[in-house]
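Below: one structure, written as structure tokens.
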Amino acid sequence: MGDIESARVDVGALLAAASRCDAIADAVDGLTRGALSRLAFDGAVAGRDHVAGGDRVRRGVDEIVDHTAAWARAMREIAASLRVSGARYVDVDARGVARLG
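Using our numbering, you'd call the opening residue of the sequence shown number 1332 and step up by one each time.
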């Protein structure tokens, strides 16, 4: 018979990764709510000869802010999934120990 190999999950590492994902999301949120949200450049600021270009810059910045905020939300979702997975592994281990008595 062959050796039985089982998967081992380091729950502490999962939770540490989740914390890092949250920290990254916090930093990105701070950027989008801070410096990027305070940018006030648009067509009116660009001047009469550059209204269209200034408006394009504004739309580009707004798009970057939107994508960056979405990225931060995704990082928070990843962190939550890692925590749920870790909790499930702990639960399965506890049930296994209880069955063994």
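Built from N, CA and C at the ideal position, the CB exists for glycine as well.
What is the residue span of the alpha helix (DSSP H) that residue i lies within?
i, result
"Gly1417", "1382-1431"
"Gly1365", "Unbroken run through Gly1365: none, as it is neither H nor E."
"Ala1377", "1374-1377"
Just to confirm, are residue i and residue j a CB contact at a threshold of 9 Å?
i, j, result
"Gly1385", "Phe1372", "yes"
"Gly1374", "Ala1383", "yes"
"Ser1350", "Val1396", "no"
"Thr1363", "Ala1405", "no"
"Ala1377", "Val1388", "yes"
"Asp1353", "Arg1430", "no"
"Val1340", "Gly1427", "no"
**Prompt:** Between the segment 1338-1351 and the segment 1411-1430, do at least 3 Cβ pairs fall closer than 8 Å?
**Reply:** yes
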